[in-house]
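Visitor: Sharing a structure below in structure tokens format, with a few things to ask.
Protein chains in written order, with our numbering: chain A, 1 to 230; chain B, 231 to 460; chain C, 461 to 690; chain D, 691 to 920.
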């Protein structure tokens, strides 16, 4: 995973957010289920646990582990901030940036993408709509993920309810950046949502409650992974 | 450590900030040195490593481990935020709040203190001057620590260079809150700085570079601990 | 109005927020209605229009005009910030600080209160609950106004629906600060709400939609003013 | 000025920041000098005074007046925020967005540009480097202005000291957006700095201290305007 450009697609990134179902010991268990599905299907699944869980999760599994955020700061006097070097040493190979629940100033997104690149972390930058996705693409991250905030956590999949958001994003982003991996997220909760997302020319999904709060996260992840093959 | 009121004083809290000298494996090593001094001297020393290092540090030592910050949020959809439950499960028994490098809105300081209390975490709230310390004291945290930002990281100790900041803080805080533990910080870099801080009626110090960037952190911590006994 | 200590109580402060009904020309008209009620009843009514309306309002009326916010900055390079000197020259004699819709870091509240004092502006600091009101009182502003955010704009008056919020605030604040003027706000929409607020030992109210969005703002303001006399 | 597309270039935008030399009565005087130069030379000069000065400035002069910032909010409950409708009614015809001293989250920049367009305000979005300028260009504002923060206020002109910042910006921006007006700023303090900026394919400059703090702002503005003609 040291070379972000070799990131395998399609990819499913599971954001653990601050769900108790994916905190501490349960974060490790959920990551192990994701790894099991990866081993069974060959589909790349990455997990994004909370900061305090990165080390234990990264020790327990071999699938890619992402931080949920890093700060655009250098080592030194930044109490309470999240240092790239720290999550890297804990085992993270990538990081979410600018998630709708942890948005950044534009100049900080730019600085964080550059910092991630410098420190060997895959950058996955979130955007709330097609125009913002295009702006993000201009900053050349490894991944851009479009997620309309109003659908996050609803179980109403962006790929099905707002396909034009996805297609507009793909169109605008590709007009600016041919290489960036494009994901979509928000409401993704069934295999079919994933299949449609791929049909719309994305290369994967960013999912949270659809997996974390599923009755049987393993089975749902398996359904997601299988859906990438149709 | 479940009862904050039993927190032993004098206390020395070592803030690891985002120093590389106190990140990852080195965070564990530094915490072990602090534990060694505590065992030799009986003086309470707490350590505040980065989020990703809390679990490993808490596993390695028995001295109190603090988070550097927590967010006033409930479990759920707070990507990139720091959940009280998460740092608690990782082994933290307390948290810094409102450090000058990670300041919060007033209503969030209030909410975070209440959250820490509810979750069994000792709250140590930082303040930049005497009047702000008094305001913090009105919110009834376990600990208030006054730290003039202009002295942080300078090696010029607040207790010696600005004793009136410390004495004014003690006076204003005690007029409002008889129980809160009062610390001072900023520039504390020698045992004498600690001794003077205690003479000025504080109950300990919050220190960072004075220990983390010392040539021999163990010896300096030992000097600090010994100084609390004069 | 140059001496904040001479601020007459009871006082009614009308926050124009960003309501179109109180923007531009309509801000001036509403302020003139407030002035009319002041002249008829002798009750002190202050108005807090948007920044761009301060000058026109202050030119049109003689009642106190407050800014809705100022930034704790000095003259110079602070593009897009609100300079104390600027609102002062435009005619403001006071400012709201830390309104729930424009909250500040604790150290900035402290700095802004001191700046307002230095520049001859009355400081009215908002707080969301009793403990935060107490913290604010420790910073010695001229006025503290408690406003539970969940009641703002509802028409359900804090003084009637949550009288304990008001009485707890008065008790905690008076334990720390004997001089500060105490207001309450949120949902104040009838004269009776004002009368009850005063009975609970506040010295006035901070009101917004109750006046700005009233069918007849003049009559409602008159009802408020008359209610202060019972 | 109701049609932003008719904005005349080259353009000089003078940001008054929070300089006392450009506050209140002095803001009007400085705007009048800018208008005089426009009348003498035919060069478009816009001024961006503080919020409280917009109305008086717009009443005194006929040249374009910009706000220094607006918030991406709708009319209603946004105490202390800057409403597009408010600055519009006060006489502004445009607004700066994301100045380095008043930076916004990426999604807020996008929302503010859309809001400005909807309300008939010209949008001038600031960016700190070429890649951020490209990201801004993808959001389709009327104007993008690149300003390396480290040169702001130094008197060392970006066009002369870091010409590659300007040329890289022009190249990246034009690869994404053929129409947006491109300005540069930071350190512009002589006519020659302006001439070089135009030679590097920008369409004008954003200037602050170079004019506001000049010994003779009128003469310096005249020098700037004349320099656009070479």
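Yeah, the Cβ is synthetic: ideal placement off N, Cα and C, and Gly gets one too.
Please read these numbers as outputs of a predicted model, since none were measured by experiment.
Classify residue 367 of chain B: buried if its beta carbon has 16 or more other beta carbons within 10 angstroms, exposed otherwise.
Guide: Looking up residue 367 of chain B in the second chain gives position 137. When all chains shown are included, residue 367 of chain B counts as buried.
Visitor: What does DSSP give as the partner residue(s) for residue 227 of chain A in the beta ladder?
Guide: Taking the first chain and counting its residues from 1, the one referred to as residue 227 of chain A is at position 227. Partner(s): none; residue 227 of chain A has no beta bridge.
Visitor: List, in order along the chain, the chain A residues whose C-beta lies closer than 7 Å to that of residue 797 of chain D?
Guide: Within the fourth chain, numbered from 1, the residue matching residue 797 of chain D stands at position 107. Near residue 797 of chain D (Cβ distances below 7 Å), the residues of chain A are 103, 128, 132.
Visitor: List the residues of chain D that residue 98 of chain A touches, going by C-beta distances under 7 Å, in chain order.
Guide: Residue numbering aside, residue 98 of chain A sits at position 98 when the first chain is read from its first letter. Within 7 Å Cβ-Cβ: 796.
Visitor: So, under 8 Å CB-CB, residue 860 of chain D and residue 872 of chain D are touching, yes? Tell me the CB distance rounded to an integer number of Å.
Guide: Indexing the fourth chain from 1 puts residue 860 of chain D at position 170. Indexing the fourth chain from 1 puts residue 872 of chain D at position 182. Contact holds; Cβ gap of about 6 Å.
Visitor: In terms of alpha-carbon separation, which member of C:538, C:541, C:559, C:544 lies closest to residue 667 of chain C?
Guide: Position 207 of the third chain, counted from the first residue, corresponds to residue 667 of chain C. Among C:538, C:541, C:559, C:544, the Cα nearest to that of residue 667 of chain C is on C:559.
Visitor: Does the Cβ of residue 216 of chain A have 16 or more other Cβ atoms within 10 Å, making it buried, or fewer, making it exposed?
Guide: On the first chain, residue 216 of chain A is found 216 positions in, with the first residue counted as 1. Flag for residue 216 of chain A reads exposed.
Visitor: In chain B, what lies closer than 8 Å to residue 75 of chain A by C-beta?
Guide: Stepping through the first chain from its first residue, residue 75 of chain A is reached at position 75. The answer, in chain order, is 248, 249, 250, 253.
Visitor: Starting from residue 785 of chain D and walking both ways along the beta strand (DSSP E), at which residues does that stretch end?
Guide: For the purposes of this step, residue 785 of chain D is taken as the residue at position 95 of the fourth chain. Its beta strand (DSSP E) spans residues 784–787.
Visitor: If you draw a straight line from the alpha carbon of residue 195 of chain A to that of residue 312 of chain B, how long is it in whole angstroms?
Guide: Here residue 195 of chain A is taken as the residue at index 195 of the first chain, counted from 1. Here residue 312 of chain B is taken as the residue at index 82 of the second chain, counted from 1. Distance between the alpha carbons of residue 195 of chain A and residue 312 of chain B: 33 Å.
Visitor: Taking Cβ positions only, does residue 883 of chain D come closer than 7 Å to chain A?
Guide: As a first step, residue 883 of chain D must be located in the fourth chain, where it is residue number 193. It does not: the Cβ of residue 883 of chain D has no partner Cβ on chain A nearer than 7 Å.
Visitor: Output the distance between the C-alpha atoms of residue 869 of chain D and residue 832 of chain D, rounded to the nearest integer angstrom.
Guide: Sequence index remark: in the fourth chain, residue 869 of chain D carries index 179 (1-based). Sequence index remark: in the fourth chain, residue 832 of chain D carries index 142 (1-based). Using only the alpha carbons, I get a separation of about 8 Å.
Visitor: Is residue 340 of chain B close to chain C, meaning its C-beta is less than 7 Å from at least one C-beta of that chain?
Guide: Walking along the second chain from the start, residue 340 of chain B turns up at place 110. By this cut-off, residue 340 of chain B is an interface position.
Visitor: Rounded to whole angstroms, how far is the Cβ of residue 495 of chain C from the Cβ of residue 523 of chain C, which I believe are closer than 8 Å?
Guide: Stepping through the third chain from its first residue, residue 495 of chain C is reached at position 35. Stepping through the third chain from its first residue, residue 523 of chain C is reached at position 63. Residue 495 of chain C to residue 523 of chain C, Cβ: 5 Å. Contact.
Visitor: Buried or exposed: where does residue 348 of chain B fall if 16 or more other Cβ atoms within 10 Å of its Cβ makes it buried?
Guide: Here residue 348 of chain B is taken as the residue at index 118 of the second chain, counted from 1. Looking at its Cβ environment, which holds fewer than 16 other Cβ atoms inside 10 Å, residue 348 of chain B is exposed.
Visitor: Taking buried to mean at least 16 other C-beta atoms within 10 Å of its own C-beta, is residue 707 of chain D buried or exposed?
Guide: As a position in the fourth chain, residue 707 of chain D is number 17, starting the count at 1. It is buried - the Cβ of residue 707 of chain D has at least 16 other Cβ atoms within 10 Å.
Visitor: Using DSSP with H/G/I as helix, E/B as strand and the rest coil, what is residue 42 of chain A?
Guide: For the purposes of this step, residue 42 of chain A is taken as residue 42 along the first chain, with counting starting at 1. Reduced to three states, the DSSP call for residue 42 of chain A is coil.
Visitor: Under a CB-based cut-off of 7 Å, is residue 285 of chain B close to chain C?
Guide: Counted from its first residue, the second chain places residue 285 of chain B at position 55. False, the Cβ-Cβ gap to chain C never drops below 7 Å.
Visitor: Need the endpoints of the beta strand (DSSP E) that residue 646 of chain C sits in, please.
Guide: One-based indexing of the third chain puts residue 646 of chain C at position 186. Careful: residue 646 of chain C lies outside any beta strand (DSSP E) and carries neither H nor E.
Visitor: Quick one: what does DSSP say residue 629 of chain C is sitting in, helix, strand or coil?
Guide: Within the third chain, the letter at position 169 stands for residue 629 of chain C. It is helical.
Visitor: Mind listing, in chain order, the continuous alpha helix (DSSP H) runs of no fewer than 4 residues lying wholly within the segment 108–146 of chain A?
Guide: Complete alpha helix (DSSP H) runs here, min 4: 130–137.
Visitor: Please go through the same chain and pick out, in chain order, the residues whose beta-carbon is closer than 7 Å to the beta-carbon of residue 692 of chain D, but skip the five residues on each side of it.
Guide: Within the fourth chain, numbered from 1, the residue matching residue 692 of chain D stands at position 2. The predicted model places residue 692 of chain D with a pLDDT of 42, which falls under 50 and marks its position as unreliable; any figure quoted below should be read in that light. Around residue 692 of chain D: 810.
Visitor: Compile a chain-ordered list of the residues in the segment 617–645 of chain C whose CB is closer than 7 Å to at least one CB of chain B.
Guide: Answer set for the segment 617–645 of chain C: 636.
Visitor: On the CB-based measure, 16 or more other CB atoms within 10 Å of its CB, does residue 854 of chain D come out buried or exposed?
Guide: The count along the fourth chain starts at 1 and reaches residue 854 of chain D at position 164. It is exposed - the Cβ of residue 854 of chain D has fewer than 16 other Cβ atoms within 10 Å.
Visitor: Determine whether the Cβ of residue 547 of chain C lies closer than 7 Å to any Cβ atom of chain D.
Guide: Here residue 547 of chain C is taken as the residue at index 87 of the third chain, counted from 1. Yes, because at least one Cβ of chain D sits closer than 7 Å to the Cβ of residue 547 of chain C.
Visitor: Buried or exposed: residue 690 of chain C, going by 16 or more other Cβ atoms within 10 Å of its Cβ?
Guide: Position 230 of the third chain, counting from 1, holds the residue named residue 690 of chain C. Flag for residue 690 of chain C reads exposed.
Visitor: Under 8 Å by Cβ, that's how I've got residue 733 of chain D and residue 918 of chain D pegged, so tell me the actual separation to the nearest angstrom.
Guide: Translated into positions along the fourth chain, residue 733 of chain D becomes position 43. Translated into positions along the fourth chain, residue 918 of chain D becomes position 228. About 5 Å; that satisfies the 8 Å criterion.
Visitor: Counting only the same chain and skipping the five closest in sequence on each side, list residues whose C-beta sits under 8 Å from that of residue 862 of chain D.
Guide: Here residue 862 of chain D is taken as the residue at index 172 of the fourth chain, counted from 1. Closer than 8 Å at Cβ, skipping near neighbours: 820, 821, 823, 824, 827.
Visitor: So which residues of chain B does residue 231 of chain A contact, with C-beta pairs closer than 7 Å?
Guide: Look at the range of chain A in this structure, 1 to 230, and you will see that residue 231 of chain A is not part of it.
Visitor: Shorter than 7 Å from the beta carbon of residue 825 of chain D to some beta carbon of chain A?
Guide: Counting from 1 along the fourth chain, the entry for residue 825 of chain D is found at position 135. Yes, contact with chain A.
Visitor: With DSSP as the reference, identify every bridge partner of residue 871 of chain D, one or two as the case may be.
Guide: As a working note, residue 871 of chain D is residue 181 in the fourth chain. BP columns for residue 871 of chain D point to D:833.
Visitor: Applying the 10 Å Cβ sphere with the 16-neighbour rule, what's the burial state of residue 548 of chain C?
Guide: By 1-based counting over the third chain, the position of residue 548 of chain C is 88. Buried is the call here.
Visitor: So with CB distances below 9 Å, who are the chain C contacts of residue 369 of chain B?
Guide: Against the second chain, residue 369 of chain B aligns to sequence position 139. Residues of chain C passing the Cβ test: 591, 592, 594, 595.
Visitor: For residue 530 of chain C versus residue 516 of chain C, is the C-beta distance shorter than 7 Å?
Guide: If you number the third chain from 1, residue 530 of chain C lands on position 70. If you number the third chain from 1, residue 516 of chain C lands on position 56. For residue 530 of chain C and residue 516 of chain C, no; Cβs fall outside 7 Å.
Visitor: Name the residue from C:618, C:626, C:660, C:637 whose alpha carbon lies nearest to the alpha carbon of residue 650 of chain C.
Guide: Taking the third chain and counting its residues from 1, the one referred to as residue 650 of chain C is at position 190. Nearest C-alpha to residue 650 of chain C: C:618.
Visitor: Taking the alpha carbon of residue 715 of chain D as the point to measure from, which residue in C:551, C:615, C:685 has its own alpha carbon closest?
Guide: For the purposes of this step, residue 715 of chain D is taken as the residue at position 25 of the fourth chain. When each option's Cα is compared against that of residue 715 of chain D, the closest is C:551.
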